[in-house]
Amino acid sequence: MPRIILHIDMDAFFVSCEEKRSPSLKGKPAVVGADPKEGRGRGVVSTCNYEARKFGIHSGMPISKAYSLCPKATFLIPDFHYYSKISKNIMKILRNYSERFQQVSIDEAFLDITEKAGDFEKAKLIGFEIKQEIFEKENLTCSIGISVNKLVAKIASDLYKPCSLIVVKEYEISPFLQPLPIRKLYGVGPKTEQKLKALGIETIGNLAQSSKEKLMSHFGVYGLYMILSAQGQGSDFVAEIYGRDSISRERTFFEDIEDFNKLEREIEKIGTFLYQDLNDGGYSYKTVSIKVRLHDFRTYTRARTLGYESTQDREIIHTAKLLVREFEGKKVRLIGVRLSNLKGRKGQRSIVEFC
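Residue numbering for the sequence shown follows my numbering, starting at 51 and increasing by one per position.
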C-alpha cells in the first residue's frame, strides 16, 4: 500500500506573522528584509506578501530593486525570535496529527498519516482539519499537498498557493506532473532551467522522457536525479532525527550560491531552526560550527567556542555569519551549522515560552 504523505507549507510565513501582529498591513504591499533606506539598499528580500508580488517583488531579490518596484510598500526588519515562537506553535499542532512528523524548515513540515487516514479521501478531510485548526489558533493560512511521496506532495503544496489543498493519487502523478513548466520541479533553479531549455526540455514531461545518457553528459549524476524526480519518484520516509551530543542542520543547493547576501539569509533560516531545536530539547550550547562545501566539492569546517553557555538565536546567527565570511565570493554548494557542547537546562524553560 502506498504511503499517504502531507506537505504543509505556511503561506508567506514571515510577512503573514507581521500581518498577524499588525493587521493594518493586510491588503497592502509589505516586504520582510533589510531596510532600503537605513540599510542603504543592501540585503535581500526574505519574503513578501501577495500584494507586493503583484509588483514583481519576490524572495531573494535585492532590497534596492524591491524598493524601486514599489517604494510605497512597508519594509520590515526580520524578527526571527517572533517567527520562531509562532512556528513552534504550528509545529505543535502538526505533531498531534501523526507520530511520523518531519519539520524541514521554520515554515514547512511533512506528515505521514497512512495509518490515521487509510485512504486519500480521509486524508483530504484531515488536511482541511489541519488548515482550520492552524487558522483558528494562529490566524494564519497554509497550503497542503497530499501524495504518495514527499517530492510530489511538496510540488502540489506550492502549485496553487495561497491557502490551497491538492491531492495527487499514485495513478494521477504522471498527468499531474507532465504539463508543468520545468521550473516547478523541486531543485530546478534559473541556471538549470536555462540549460534544460537549451536542450529542448520545457516541461517536466519532456524531462521524464529524456535520455539518461544525454542528461548525465550535461549534469552528471544530478541529471539522473532530475529524470527520476520528473517521473514522480521520491522518498516517502518521514522522520525527525535529533542528535544527543550536538544539533546540526544543513542545506544543499541545487544551484551553487555565489551571492553572499543569499548565503547569509540561509544561515538566518538554519539558525532559527536550530534555535527551535534547542528550546524543544531544553539545551544551551557553547560551540558554533559551520560546514561549507564549495562547487568543486572541497569541504571546510570552522568553529568558535563561546566563553559562556548560550540559548540565544542571535548568537547562533551572528557567530555563523562571522565564520562564513572567509568564503565570501566563493561558489557554495552546501552550508551547515552545528551547535555542540550542549548542556541540558534541567527543566528550565526558555523565556520565549512565557512571552
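Backbone N, C-alpha and C define an ideal beta-carbon position, used for all residues, glycine too.
**Prompt:** Which two residues bound the contiguous alpha helix (DSSP H) that contains ASP208?
**Reply:** In the sequence shown, residue 208 corresponds to position 158, counting from 1. Per DSSP, ASP208 belongs to the alpha helix (DSSP H) from 200-209.
**Message:** Against chain C, does ASP286 count as a neighbour if the rule is that its beta carbon must be under 8 Å from one of theirs?
**Reply:** Within the model displayed, chain C is absent; a lone protein chain is all it includes.
**Asked** Looking only at DSSP bridge pairs, what is PHE151 linked to?
**Response** Along the sequence shown, one-based indexing puts residue 151 at 101. Note: PHE151 sits in a beta bridge opposite LEU161.
**Prompt:** Do the stretch 314-334 and the stretch 370-381 make contact, defined as three or more Cβ pairs closer than 8 Å?
**Reply:** yes
**Beta-bridge partners of CYS98, as assigned by DSSP** = The residue labelled residue 98 in the question sits at position 48 within the sequence shown. For CYS98, which the question treats as bridged, DSSP gives the partners VAL81.
**Message:** Measuring only the C-alpha atoms, how far is CYS405 from ALA80?
**Reply:** One-based indexing of the sequence shown puts residue 405 at position 355. One-based indexing of the sequence shown puts residue 80 at position 30. Legend: pLDDT at CYS405 = 27, less than 50; position of this residue unreliable, value from coordinates given subsequently. Rounded to the nearest angstrom, the two C-alpha atoms are 25 Å apart.
**Asked** In chain order, which alpha helix (DSSP H) runs of at least 4 residues are fully inside the stretch 322-387?
**Response** 363-374
**Message:** For a test of the three-state rule: what should DSSP assign to ARG315, helix, strand or coil?
**Reply:** Counted from its first residue, the sequence shown places residue 315 at position 265. The answer is helix: DSSP assigns ARG315 an H, G or I state.
**Prompt:** What three-state label does DSSP hand ARG53 in the structure shown?
**Reply:** By one-based count along the sequence shown, residue 53 stands at place 3. Note: ARG53 maps to coil in three-state DSSP.
**Supposed contact pair ILE251 and SER261 - C-beta distance, whole angstroms, cut 8 Å** = In the sequence shown, residue 261 corresponds to position 211, counting from 1. In the sequence shown, residue 251 corresponds to position 201, counting from 1. That pair is no contact at about 11 Å.
**Asked** Do the stretch 166-186 and the stretch 140-150 touch if we need at least three Cβ pairs shorter than 8 Å?
**Response** yes
**Request:** Have a look at ILE340, TYR333, VAL95, PHE310 and flag the residue whose alpha-carbon is nearest the alpha-carbon of LYS381.
**Result:** As a working note, residue 381 is residue 331 in the sequence shown. Selected option, being the one with the closest Cα: PHE310.
**Item:** Identified DSSP bridge partners for CYS192
**Value:** Looking up residue 192 in the sequence shown gives position 142. According to DSSP, CYS192 bridges with MET60.
**Item:** Heavy atom of the ligand ATP within 7 Å of ILE307 beta-carbon
**Value:** No copy of the ligand ATP occurs in the structure displayed, which carries no ligand at all.
**Message:** Relative to the C-alpha of VAL342, which candidate in ASN199, LYS393, ARG352 has its C-alpha closest?
**Reply:** Here residue 342 is taken as the residue at index 292 of the sequence shown, counted from 1. If we check each option's Cα against that of VAL342, ARG352 comes out closest.
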